[in-house]
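Everything on this sheet refers to the single structure shown next.
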Amino acid sequence: MGAVADELKAKRESLGLSLEQISEDTRINLRHLESLEGGRYDELPSGMYARAFLRTYCDILQLDKGDMLRRYEEEVGPPTEKPAVPQSHLPSTRRLSPAIVWGVVFLVSAGGIFFGREWITATFSPYFTSEADDAPPAVQRPPSPAPAADAARTGASGATGAPSGDAAPPEGTPEADAPSAATAPAPGRSATGGQDRPLWLEVIGKESCWLSVNSDDAFAFEDMLNPGDTKSFIANRKFAITVGNANGVQLKLNGRAVPPLGKAGQVVRLTLDASSLAQFTPPPAS
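In this note's numbering, the protein residues as written are 156 to 441.
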């Protein structure tokens, strides 16, 4: 046991203090006080903590703490420095630049698209192909055959060498453009016996009436027809007609009068084609 430890214990006992009381007053752990008085300095915390305990203990016992600290240092000896533990130098992991990472990702993606372009095209092309692309090309309709009226008139003039007995109407009038019932061939056939000849429709206004005409499924006319107005139309196959006032118009198909369509104010929709000619009375021969 050292001299410092003996003096601490002797002084405490002379003051009639217990280690428990001193531990309570100084807040020093009882085990550390026992180590101080027992000279077991190796059990104390190293460094400044052991010296701080001794200084506080000396203040309670009213001892010269400077002298006691000097004697404590002599008993303990100079502090031995612990050898420095060499730090293990681990190889630093080098982080890649984000630009390099994104560049690699881009190259890989571009390569995948390039080498897989045939598979991508075969897989996704049906979803981006419109129905119009798959539809067969539209068949162009041959030009409409010329009206047979001029051919019939020319043939008649050439055969007789003289004009007909009736005076020909002026050019531009519906009568001039319409085929003659006397000279025209059978309905639906041309003068030469070839393909179907055109249909000629004449609409004469009797009262104010709304009129719509489609020629061969194509728009031809849609407007108000006033009394006395006359409209002429030509088709290869058929006419689709809508009349807002059934009693407001008179229809003629290839010169043949169409029977009355209905009552005044009645809306009528009808279709006229070559087969309709058989239902209408032909005009009287001149």
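Just so you know, even glycine gets a beta-carbon here, dropped at the ideal spot from N, CA and C.
Going by CA-CA distance only, name the one from the options that's closest to residue i.
i	options	result
Met203	Ser387, Tyr227, Ala429, Val260	Tyr227
Ser421	Asp428, Ala412, Gly399	Contrary to the premise, residue 421 reads as Gln rather than Ser in this sequence. Of the candidates Asp428, Ala412, Gly399, the one whose C-alpha sits nearest the C-alpha of Gln421 is Gly399.
Ser431	Trp257, Leu408, Pro415	Leu408
Phe374	Cys364, Glu362, Phe394	Phe394
Counting along the chain, where does the beta strand (DSSP E) carrying residue i start and finish?
i	result
Lys393	393-398
Ser387	385-390
Phe442	The shown model of the chain, from 156 to 441, leaves out residue 442, and the question about it has no answer.
Gly360	354-360
Ser367	364-370
Terminal residues of the continuous alpha helix (DSSP H) containing residue i?
i	result
Gly403	Taken as a continuous stretch (DSSP letters only), Gly403 belongs to no alpha helix (DSSP H), as it is neither H nor E.
Gly267	253-270
Pro193	This sequence places Gly at residue 193; Pro is not what is there. 185-193 is the span of the alpha helix (DSSP H), which, as asked, contains Gly193.
Val231	220-231
With DSSP collapsed to three states, give me the class of residue i.
i	result
Gly150	Nothing about residue 150 can be read from this structure; the chain reaches only from 156 to 441.
Gln176	helix
Ala419	coil
Val468	There is simply no residue 468 to check, as the chain begins at 156 and stops at 441 in what is shown.
Arg424	strand
Arg167	helix
Arg250	coil
Arg411	strand
Gln434	helix
Arg182	coil
Please confirm whether residue i and residue j have their CB atoms less than 9 angstroms apart.
i	j	result
Gly410	Glu357	yes
Phe435	Ala401	no
Leu354	Arg392	yes
Leu406	Ile396	yes
Leu185	Glu175	yes
Ala160	Gly193	yes
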